[in-house]
Structures are given as C-alpha cells and as structure tokens.
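*Asks:*
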Amino acid sequence: MVVSELSEAGAFSGSYRSAAMAPKDDTLSSRLHGIQHSASQKEQPTFGFTVKWQFSESPPDSMSVFVGQCFMDDQGEETLQTTWLLRQEVRSPGADWEATRVGTNVFTRIK
1 MVVSELSEAG AFSGSYRSAA MAPKDDTLSS RLHGIQHSAS QKEQPTFGFT VKWQFSESPP
61 DSMSVFVGQC FMDDQGEETL QTTWLLRQEV RSPGADWEAT RVGTNVFTRI K
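In our numbering, the protein residues as written are 1 to 111.
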C-alpha cells in the first residue's frame with residue numbers, strides 16, 4: 001500500500017496491491033481513497049479508506065472498505081490495525097449471503 005500525504009482536512013489517496021485478492025500473476029495496483037482524524041488533534045487517530053479492486057483478468061466487481069486506528073509504540077513506530085469488509089458483485093439477491101467477507105489486517109511502515 002502506498003499512501004499520499006494527508007491534506008489539511010485529513011484526506012489521502014494512494015494505491016493498494018494485494019496478491020491475496022488477485023488471480024495468479026495478476027497484482028495490478030488498485031486505487032484507494034480515505035480520510036483520518038487529524039494526527040495533531042489525536043495521538044492515535046482513527047481512519048477509513050475504500051479500495052476499488054482492479055485486475056487484468058476481471059473477476060466480478062469488488063470493493064473493500066477498511067476502518068482502523070494508527071498506534072504509535074514507544075520507539076515511534078506506526079502500526080495500522082484495521083478491520084475490513086470486501087463486497088463482491090453477485091448476480092442475484094439469492095447469492096447475497098456469499099457476497100461480503102470480513103477480515104483484519106495490520107500494516108507497518110516499510111523503510
């Protein structure tokens with residue numbers, strides 16, 4: 001995941017690559033857009049972002065939303081703890097039960 005600098009309002013954008021979501025050898029970057037509470041007002045801000053998945057071999061349309069919090073340890077290292085929903089397009093209301101998945105991710109900064 002690559003994220004831009006925060007705007008004054010806390011908005012950010014970037015890209016996300018997920019080998020777990022992609023068909024074999026298909027890890028195109030997908031756009032993300034999000035917002036967080038001001039880090040200057042909150043020591044460990046909450047945030048949310050949306051990813052519109054894109055793959056070269058197009059599976060059904062899918063989107064994910066992530067919500068989480070940025071935690072700072074004693075050495076100043078950031079950890080983003082998130083919960084996500086993945087919604088995949090289905091062809092009928094009868095298939096709705098299988099269209100949404102839930103999970104968690106922990107992100108750390110690569111230096």
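Glycine included, every Cβ here is placed at the ideal spot set by N, Cα and C.
Considering Ser-15, what are the terminal residues of the beta strand (DSSP E) in which it resides?
*Replies:* Numbered from 1 along the sequence shown, position 15 holds the residue referred to as residue 15. Its beta strand (DSSP E) spans residues 11-16.
*Asks:* Roughly how many whole angstroms lie between the Cα atoms of Arg-87 and Val-51?
*Replies:* Along the sequence shown, read from residue 1 onward, the residue named residue 87 stands at position 87. Along the sequence shown, read from residue 1 onward, the residue named residue 51 stands at position 51. For Arg-87 and Val-51, the distance between alpha carbons rounds to 11 Å.
*Asks:* Taking the Cβ atom as the reference point for each residue, do Ser-38 and Tyr-16 lie within a distance shorter than 9 Å?
*Replies:* As a working note, residue 38 is residue 38 in the sequence shown. As a working note, residue 16 is residue 16 in the sequence shown. In this structure, Tyr-16 does not lie closer than 9 Å to Ser-38 by Cβ.
*Asks:* When you compare the CB positions of Thr-82 and Thr-108, do they come within less than 9 Å of one another, or not?
*Replies:* On the sequence shown, position 82 is the one that residue 82 refers to. On the sequence shown, position 108 is the one that residue 108 refers to. For Thr-82 and Thr-108, no; Cβs fall outside 9 Å.
*Asks:* Within 10 Å of its beta-carbon, does Trp-53 have 16 or more other beta-carbons around it, so buried, or fewer, so exposed?
*Replies:* The residue labelled residue 53 in the question sits at position 53 within the sequence shown. Counting Cβ neighbours within 10 Å, Trp-53 comes out buried, since at least 16 surround it.
*Asks:* Is the beta carbon of Gly-94 closer than 9 Å to that of Val-67?
*Replies:* Here the question's residue 67 lines up with position 67 in the sequence shown. Here the question's residue 94 lines up with position 94 in the sequence shown. The answer is no: Cβ separation not under 9 Å.
*Asks:* Quick one, are the C-beta atoms of Gly-34 and Ser-18 less than 9 Å apart?
*Replies:* In the sequence shown, the residue the question calls residue 34 occupies position 34. In the sequence shown, the residue the question calls residue 18 occupies position 18. Taking 9 Å as the Cβ cut-off, Gly-34 and Ser-18 do not qualify as a contacting pair.
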